[in-house]
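Asks: Numbering (this note's numbering) for the sequence shown: 9 to 487.
Backbone N, C-alpha and C define an ideal beta-carbon position, used for all residues, glycine too.
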Amino acid sequence: MTVQADGGAGGAGGVGVLERVFRVHERGSTYVREVRGGLATFFTMAYILVLNPIILGSDTAKDEFGHNLDHTQLVTSTAVVAGVMTLIMGVGGNLPLAIAAGLGLNGVVAYTLAPAMSWPDAMGLVVLEGLGICLLVVTGLRQKIMDAIPLALKKAIGVGIGLFIAFIGLVDAGFVGKGAGTPVTLGAGGTLKGWPMFVFCIGALLTLCLLVRRVPGGLLIAIVGTTVLAIVVNKIAKIPDAAWGTIAPKLPDGVVAHPDFGLLGKFSLFGGFHHAGILTAVVFVFTLILADFFDAMGTIIGISGEAGLLDDEGRLPGIGRVLFIDGLAAAAGGAGSASSNTCFVESAAGVGEGARTGLANLVTGVLLFLAAFLTPVLTIVPSQAAAPALVAVGFLMMTQAKDIDWDDWEIAVPAFLTIALMPFTYSITNGIGAGFILFCVLKVVLGKARDVNWLMWIVSGLFVVYFALDPIKEALGIS
9 MTVQADGGAG GAGGVGVLER VFRVHERGST YVREVRGGLA TFFTMAYILV
59 LNPIILGSDT AKDEFGHNLD HTQLVTSTAV VAGVMTLIMG VGGNLPLAIA
109 AGLGLNGVVA YTLAPAMSWP DAMGLVVLEG LGICLLVVTG LRQKIMDAIP
159 LALKKAIGVG IGLFIAFIGL VDAGFVGKGA GTPVTLGAGG TLKGWPMFVF
209 CIGALLTLCL LVRRVPGGLL IAIVGTTVLA IVVNKIAKIP DAAWGTIAPK
259 LPDGVVAHPD FGLLGKFSLF GGFHHAGILT AVVFVFTLIL ADFFDAMGTI
309 IGISGEAGLL DDEGRLPGIG RVLFIDGLAA AAGGAGSASS NTCFVESAAG
359 VGEGARTGLA NLVTGVLLFL AAFLTPVLTI VPSQAAAPAL VAVGFLMMTQ
409 AKDIDWDDWE IAVPAFLTIA LMPFTYSITN GIGAGFILFC VLKVVLGKAR
459 DVNWLMWIVS GLFVVYFALD PIKEALGIS
């Protein structure tokens, strides 16, 4: 056999090994698409290399000596843990699901856990969270919970994630912002202004035009093209770095950065129980497990569905390995002082480029790992250039809404709430929890309580506790 121009099958050498490991052609993909998908995913998630250290480096997080965390060390930890776990997910799970420090989870860690204990103590609780998730996988409970979810709700999760990541893209680009008298409005204060916004608008138009014309590599072409435009505009107009957000598009002064691995392995497994108290530490771990569990579940279902990898019942073959690796990623994030790591919803950009296997993760993972050494080169893509891809992928994932029976209100109403609350509360977990609770309540109202899987009842009960966590903590005297 010979290598095809589109990246098709090759001889008995390296390409043959790749085919046996990743089953690229069996899943209807090509090597070129997988590489494009891996690149697209990296560029849409590269912001985490900048944003995660900013969040974790806040004044609320202190090391064991009471000092602020070192920014260079945080960048290194973020990149190394994400790169390694993305590679492991690619080879072990064979899915185009990149892994990095979870947004939202890192906020909980930095602003809730860290003020109550030292950073190594907080990271120890994150390790325990990851091990707890792994235990749920090993016992089969996590997969049983996923199998217990009605197919329509699984579809709703995918749609909700689509709207959520489109909203993330619009907010990150500044196209949507907080209004003076409204929760959100167009741009900053109701108007679109500034060169960065011009770059985003051109990038969005380019992305959507390439998408509609079904140009191969359209998302990646748009990201690269918009980045070049941003660099040129920034150079000519001399725009302040702050106007671009977390990443300003500039040609780097150098190529190689100097990583600092000083935070890797700096965690205290049970220190949090000593300093914050046993009850407080248990509540923290429970909160992390529940948020990570369903955040990852929603991402896995949504992106696998978009990639066409789910069966007729909405199940993912071989999901046990995927779930275990996700739990392992959470523990690795704690061990590496990078906060809890989980499947990244921006992986949808790679799927939008045609990625269907873990081969795409090899590309993304290597780039994430190299980012610890090549940060000046690999983090020049501003959010205004990456965000249009998220908007386009939001549309692609939204198409799953057609598979929900909107005439059957007992499932359509929970599906609607699931979809709506993800972008409206900026949380995948909140959308899933509200949809689950309403699903169970409506079944009781309709006299069909016996139709609900017993695991759905347990999970919905846990979500009730999750939503009522603050009143419960107040009642128990936990600050």
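Determine which residues share a DSSP beta bridge with V6 and list them.
Replies: Limits of the chain in this structure are 9 at one end and 487 at the other, which puts residue 6 out of reach.
Asks: Could you tell me the distance, in whole angstroms, from the CA atom of V421 to the CA atom of L57?
Replies: 38 Å
Asks: Which value, in whole angstroms, describes the spacing of the CA atoms of D180 and A395?
Replies: If you take the alpha carbons of D180 and A395, they lie about 7 Å apart.
Asks: Which whole runs of the alpha helix (DSSP H) in the region 403-460 are 4 residues long or more, in chain order?
Replies: 417-433 and 436-453
Asks: Considering only the alpha carbon of each residue, which of P431, G439 and V453 lies closest to L178?
Replies: P431
Asks: If you draw a straight line from the C-alpha of L318 to the C-alpha of N102, how long is it?
Replies: 14 Å
Asks: Are there three or more Cβ pairs, one per stretch, closer than 8 Å when the region 346-359 is compared with the region 233-242?
Replies: no
Asks: Relative to the alpha-carbon of A356, which residue among F424, L105, E137 and K481 has its alpha-carbon at the smallest distance?
Replies: That would be L105, whose Cα lies nearest to the Cα of A356.
Asks: Please report the distance separating the alpha-carbon of E42 from that of G362.
Replies: 7 Å
Asks: Using only alpha-carbon positions, find the residue among F444, I436, D478 and W252 that is nearest to G166.
Replies: I436
Asks: Can at least three beta-carbon pairs, one atom from the region 439-457 and one from the region 363-377, be found at a separation below 8 Å?
Replies: no
Asks: Leaving out five residues on either side along the sequence, give the residues of the same chain with a beta carbon under 6 Å from the beta carbon of I311.
Replies: Closer than 6 Å at the Cβ level, and outside the excluded window around I311, lie S355, A356 and V359.
Asks: Using CA coordinates, which residue listed in T190, L425, L477 and A400 is at the minimum distance from L228?
Replies: A400
Asks: Locate the beta strand (DSSP E) running through T350, then write down its first and last residues.
Replies: Start and end: N349 to C351.
Asks: Go through its chain and collect everything with a Cβ distance to F444's Cβ below 7 Å, but skip five positions before and after it.
Replies: M464, V467, S468 and F471
Asks: Can you find a CB in chain D that lies within less than 8 Å of the CB of F278?
Replies: Looking for chain D here will not work: only one protein chain is present.
Asks: Judging by CA-CA distance, which residue of D78, E27, A109 and D459 is the nearest neighbour of A346?
Replies: A109
Asks: Please report the residue range of the beta strand (DSSP E) in which A108 lies.
Replies: I107 to A109
Asks: Apart from the five residues on each side of it in sequence, which residues of its chain come closer than 6 Å, Cβ to Cβ, to I247?
Replies: W203
Asks: Ignoring anything shorter than 4 residues, give me the alpha helix (DSSP H) runs that lie fully in the region 272-354, in order along the chain.
Replies: Runs of the alpha helix (DSSP H) inside the region 272-354: 279-284, 286-314 and 327-343.
Asks: Which residues share a DSSP beta bridge with K201?
Replies: The partner list for K201 (beta bridge, DSSP) is empty, contrary to what the question assumes.
Asks: DSSP puts A196 in a beta bridge; with which residues?
Replies: T199
Asks: Using the Cβ count rule (16 or more neighbours within 10 Å means buried), how would you classify L143?
Replies: The residue is exposed, with fewer than 16 neighbouring Cβ atoms inside 10 Å.
Asks: Compare the Cα-Cα distances from A339 to each of T407, M93 and G187 and report the closest residue.
Replies: M93
Asks: Please say whether A315 and A87 have beta carbons closer to each other than 8 Å?
Replies: No, Cβ-Cβ distance for A87 and A315 is not below 8 Å.
Asks: Could you have a look at K70 and say whether DSSP puts it in helix, strand or coil?
Replies: strand
Asks: Would you call the region 403-410 in contact with the region 261-271, where contact means no fewer than 3 C-beta pairs closer than 8 Å?
Replies: no
Asks: Return the chain-ordered ranges of every alpha helix (DSSP H) run that is complete within the region 24-57 and spans a minimum of 4 residues.
Replies: 39-53
Asks: Classify P390 as buried or exposed, calling it buried when 16 or more other Cβ atoms lie within 10 Å of its own Cβ.
Replies: Residue environment for P390: buried (at least 16 other C-beta atoms within 10 angstroms of its C-beta).
Asks: Just to confirm, is the Cβ distance from L477 to T295 under 8 Å?
Replies: yes
Asks: On the DSSP bridge assignment, give the partners of V135 in chain order.
Replies: Paired residues: none, contrary to the question.
Asks: With the cut-off set at 8 Å, would you say G335 and V145 are in Cβ contact?
Replies: yes
Asks: Go ahead and pull the three-state DSSP assignment for G185.
Replies: strand
Asks: Only counting runs of 4 or more residues, tell me where the alpha helix (DSSP H) segments fall wholly within the region 112-169, in order along the chain.
Replies: 113-116, 127-146 and 149-156
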